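Just so we're aligned: the sequence shown equals residues 13 to 311 in our numbering.
We put the beta carbon where it would ideally sit given N, CA and C, even for glycine.
All figures in this text were calculated on a predicted structure; none of them were measured in a lab.
The structure appears right after this line, and notes come after that.
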Amino acid sequence: MALIPFDDRDGFIWFDGAMMPWRDAKLHVLTHGLHYASAIFEGERSYAGNIFKLREHTDRLFNSARILGFEIPYTADEIDAACKQVLAANGQADAYVRPVAWRGSEMMAVSSQHAKIHVAIATWAWPAMFADRMAGIRLDMAEWKRPHPETAPTASKAAGLYMIGTLSKHAAEAKGFQDALMLDWRGRVAEATGANIFFVFDGELHTPTPDCFLDGITRRTVMQIARRQQMKVVERVIMPDEISKATEVFVAGTGAEVTPVREIAGQMFTPARMTESLLNEYEQIVRMAPDQVERHLAG
Ligand SMILES: Cc1ncc(COP(=O)(O)O)c(C=O)c1O
């Protein structure tokens, strides 16, 4: 497959408050965010012209920045409007939306108290992350562990936290897997490199307690859908030796959406009824207008 580099495309990117031609959205090599990972981002999807859970993503963007000690220099309304503006400028109804904020070039040591905070928003077409979804994906076990919340700002969607995600995903891909399941520093099941994980045990839906990794917006939506569907939902500590007892496994995230898992490092699963019914309802909900989503989930 021919790769089209992301800096070699046409369209528009919202950059520090203004729409800019895609190819001009550049930053200087001496940028604090690049050298020290003082950057945070969001991953959103627009379906049929509506960004699913836009305000929740924008709120998390602001919160992620605060956790890294900086303020986004716009209001949440301005960021929401800018996300929609970029989609419109790029003529997209179904697309991935990527807001990102970072410390600029004013200071280049570890301390960067006076760096300007930059914000950009790009959108691009991104069909289902994993093709032939019900076939399920194969996960390897990652060697890297999600860190202790006193070791890293784990509640932030901070760029630096993805360093071990990329390492884990590359190692898994090198062995023919699509992704990796990460444990946390205690050896508990945590999440995949870019999505949360769910298991079906005895007909109940179980998912790890998110105390050192993202409590994903998709994760919370899936839990609401499951409760609506009268499933029992259990958030708890899950140990790796329990995985073999699961009858169904799936991952959930904005990029991955709801994607069944058919293997975790040699243990096989068959995507089945509970996964399929959650996946189907998720696919319906993301295509609803925002007020309809809230009414549907509350009802
Ligand atoms: C590491 C990680 N965990 C979980 C998630 C799921 O979060 P959300 O459902 O809010 O997209 C993501 C992003 O998709 C992620 O990058």
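Quick one, are the C-beta atoms of residue i and residue j less than 7 Å apart?
i	j	result
T287	E260	yes
T25	A113	The amino acid at residue 25 is misidentified as Thr; the sequence shows Ile. No.
E56	H69	yes
V201	I250	yes
T221	E247	yes
W156	L179	yes
M31	A101	yes
A93	G61	no
W138	Y174	no
T266	C224	no
F11	A258	The first residue shown for the chain is 13 and the last is 311, placing residue 11 beyond what the model contains.
D191	A183	no
G177	A49	no
K244	E203	no
Quick check on this structure: which residue in the options has the alpha carbon closest to the alpha carbon of residue i?
i	options	result
R35	A170, P17, G29, A51	P17
A121	P165, N62, S168, L46	L46
D20	P33, Y59, H218	P33
I149	T266, K65, R274	R274
G312	G199, Y59, A14	Outside the shown range of the chain (13 to 311) lies residue 312, about which nothing can therefore be said.
G23	W136, I129, E83, A93	W136
M235	L291, I276, C95, D303	L291
F64	L309, V305, G311	V305
A170	R115, R145, G199, P220	R115
R158	A284, I276, N208	N208
G228	S168, L309, K187	S168
G278	L226, G172, S256, I176	S256
K187	L151, L309, V245, A310	L151
H130	I91, A164, R67, L99	I91
Q241	G177, F82, R307, G311	G311
R145	Y86, A88, G172, A264	A264
R72	Q125, L226, D196, R198	L226
I79	A164, L15, A14, A301	A164
V270	G199, D253, S289, N75	S289
E295	I276, E254, T233	T233
D253	M300, F82, P272, I276	I276
E83	Q125, A268, Q97	Q125
A284	Q97, A147, R239, N75	A147
S76	D303, L99, E54	E54
M119	R239, V298, H40	H40
P302	R67, W197, F74	R67
For residue i, which of helix, strand or coil comes out of DSSP?
i	result
W26	strand
E5	With the chain running from 13 to 311 in the structure shown, residue 5 is simply not present.
Q190	coil
E254	helix
K128	coil
A105	coil
D36	helix
Y59	strand
A134	strand
D72	In the sequence on display, residue 72 carries Arg and not Asp. In this structure, R72 counts as helix in the three-state DSSP scheme.
R285	helix
K157	strand
A100	helix
G45	helix
I276	strand
M31	strand
R67	helix
A343	Residue coverage of the chain in this structure runs from 13 to 311, which leaves residue 343 outside it and unanswerable.
E162	coil
E269	strand
A113	strand
A264	strand
L151	strand
E90	helix
Would you please state the rounded distance, in angstroms, between the beta carbons of residue i and residue j? I believe it to be under 8 Å.
i	j	result
F210	F262	5 Å
A127	A37	With a Cβ gap of about 19 Å, A127 and A37 do not count as contacting.
S117	L42	5 Å
P111	C95	7 Å
Compare the C-beta of residue i against all C-beta atoms of chain B and say whether one is closer than 7 Å.
i	result
G215	In summary, chain B is missing from the structure at hand, where a single protein chain is found.
With a threshold of 6 Å, establish whether the CB of residue i neighbours any heavy atom of ligand 2.
i	result
N292	Ligands in the displayed structure: ligand 1; ligand 2 is not one of them.
Which ranges does the beta strand (DSSP E) cover as unbroken runs of at least 3 residues, wholly within the stretch 169-248, from first to last along the chain? 191-196, 201-204, 208-213, 216-220, 245-248
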